[in-house]
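Note sheet for the following structure.
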Amino acid sequence: MKVGIPRGLFFYYYYPLWKTFFNDLGAEVIVSRETCRFTMDQGIEMSVDEICLPVKVYFGHVRELCGQKLDYLFAPRLVSVEPKAYICPKFMGIPDMLAACIKGLPPLIDITVDVSKTNKYLQRDIERIGALFNCSKRQAERAFAHGRFENYRCLKIAQQGYTMAEAIRIWEGQERPVSQKGDLNICVLGHGYSLYDDHISMNLISRLRNMGCNIHMVETFAADEIEKEAAHMPKRVFWTLGRKLVGTALHMEKRPEIDGIVYLACFGCGPDSLIGEIIERRVQNKPFMLVTVDEHTGEGGVLTRLEAFCDMLRRRRMQDEGNLSPHGECLYSH
Ligand code: SF4
């Protein structure tokens with residue numbers, strides 16, 4: 000049996016888990032291709048105008064998979080992936096939005112992942128998926144445990160300085176890309192499905208690497224270090240991804256080797272507009288740049304801003320920036 004997994008949204012966080020799980024149940028996993036302009040156009044055509052860019056792109060991936068003669072399309076309803084924290088509400092509506100907007104959709108496996116209070120419903124759903132592939136409860140549980148282990152392994156690869164997209168490729172057996180050491184250290188933040196999708200982010204990470212930057216991301220750091228910093232917020236950030244972004248930014252602020260922070264936000268994203276603002280206000284001692292992209296953003300504009308940011312960081316380091324500081328403080332006034 001063939002199960003399709005769209006290369007968007009949760010793909011960058013949980014693909015190794017679900018691929019291993021379905022393979023162990025005896026299914027073949029089909030993934031849509033890397034995002035391109037066509038994927039985006041297809042998604043824009045089928046989704047509602049008000050939705051954020053990553054969801055539109057996800058629709059484009061689903062559209063591509065609709066032509067692959069699949070037995071099932073895996074599109075879970077993500078509510079919560081850890082106790083007392085939640086995923087953006089758009090993830091909850093994904094299966095319903097797909098069913099309402101796309102004709103010729105393969106049968107959906109649309110389990111609800113909500114472990115905010117208990118994981119007993121997830122266990123029940125894992126068992127139900129196993130039954131679709133004629134597997135026993137025990138086989139399904141074993142496949143899920145194996146999937147979680149593989150996901151952990153992929154995360155460990157990402158901790159070595161790779162993006163989640165690169166970590167997934169390495170996890171699948173591709174060669175590790177060779178990285179050159181740069182002279183600037185930049186922390187790059189954003190939701191993984193926009194940051195690690197080269198088309199949505201307009202190759203933001205590779206462009207910065209080509210400009211001589213060493214890139215640090217959420218996945219580069221141990222989860223407990225990030226949680227410790229995020230706990231300094233007066234009110235707990237209840238979005239899982241948002242909390243990690245805030246925690247990483249606060250952690251970065253304390254590290255002298257970090258030259259600056261770049262935040263990639265998507266137009267139409269509610270959490271981005273809040274989290275980006277919180278980080279901008281809280282991070283006082285590092286140059287910060289917010290880059291907002293949508294389906295109309297021109298690459299030239301993004302490239303110019305990245306080049307200007309790197310130039311200013313270098314001049315700042317050389318104390319050669321004249322009277323205009325990139326971080327809002329006049330260096331030579333006292
Ligand atoms: S967090 Fe933002 S980008 Fe992600 S799905 Fe929600 S609205 Fe879209």
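Under numbering that gives the first Met the number 0, think of the first position of the sequence shown as 0, with each following residue one higher. From the three backbone atoms N, C-alpha and C, an ideal C-beta is built for every residue, glycine too.
Sub-8 Å separation of residue i and residue j beta-carbons
i, j, result
"residue 24", "residue 144", "no"
"residue 48", "residue 75", "no"
"residue 1", "residue 33", "no"
"residue 206", "residue 305", "yes"
"residue 136", "residue 149", "no"
"residue 57", "residue 163", "no"
"residue 252", "residue 227", "no"
"residue 370", "residue 73", "Only positions 0 to 333 of the chain appear in this structure, which leaves residue 370 out of reach."
"residue 52", "residue 193", "yes"
"residue 188", "residue 258", "no"
"residue 239", "residue 225", "no"
"residue 341", "residue 242", "Since the displayed the chain opens at 0 and closes at 333, residue 341 lies outside it and no answer follows."
"residue 184", "residue 256", "yes"
"residue 82", "residue 115", "yes"
"residue 69", "residue 90", "no"
"residue 181", "residue 160", "no"
"residue 220", "residue 250", "yes"
"residue 294", "residue 43", "yes"
Cα-Cα separation, residue i to residue j
i, j, result
"residue 54", "residue 99", "14 Å"
"residue 6", "residue 46", "17 Å"
"residue 333", "residue 292", "A caution first: residue 333 carries a pLDDT of 44, below 50, which makes its placement in the model unreliable, though a value can still be read off. Taking the straight line joining both Cα atoms gives about 38 Å."
"residue 106", "residue 71", "5 Å"
"residue 147", "residue 268", "29 Å"
"residue 297", "residue 39", "14 Å"
"residue 158", "residue 234", "28 Å"
"residue 67", "residue 50", "26 Å"
"residue 287", "residue 301", "15 Å"
"residue 13", "residue 317", "42 Å"
"residue 244", "residue 217", "7 Å"
"residue 152", "residue 15", "9 Å"
"residue 29", "residue 19", "12 Å"
"residue 113", "residue 92", "13 Å"
"residue 236", "residue 120", "25 Å"
"residue 17", "residue 174", "22 Å"
"residue 271", "residue 278", "10 Å"
"residue 232", "residue 133", "48 Å"
"residue 213", "residue 86", "29 Å"
"residue 101", "residue 131", "23 Å"
"residue 254", "residue 21", "41 Å"
"residue 346", "residue 274", "The chain is shown from 0 up to 333; residue 346 falls before or after that span and cannot be answered."
"residue 117", "residue 8", "24 Å"
"residue 155", "residue 59", "30 Å"
Environment of residue i [buried if 16+ CB atoms lie within 10 Å]
i, result
"residue 177", "exposed"
"residue 79", "buried"
"residue 337", "The requested residue 337 is not part of the displayed model; the chain covers only 0 to 333."
"residue 280", "exposed"
"residue 308", "buried"
"residue 123", "exposed"
"residue 41", "buried"
"residue 35", "exposed"
"residue 96", "buried"
"residue 196", "buried"
"residue 303", "exposed"
"residue 215", "buried"
"residue 37", "exposed"
"residue 299", "exposed"
"residue 172", "exposed"
Minimum Cβ-Cβ distance from residue i to chain C less than 8 Å
i, result
"residue 260", "In the displayed structure, chain C is absent; only one protein chain is listed."
Does the segment 60-69 come within contact of the segment 161-170, defined as at least 3 CB pairs closer than 8 Å? no
**Message:** Using a Cβ distance threshold of 8 Å, determine whether the segment 196-210 contacts the segment 254-265, with at least three qualifying pairs required.
**Reply:** yes
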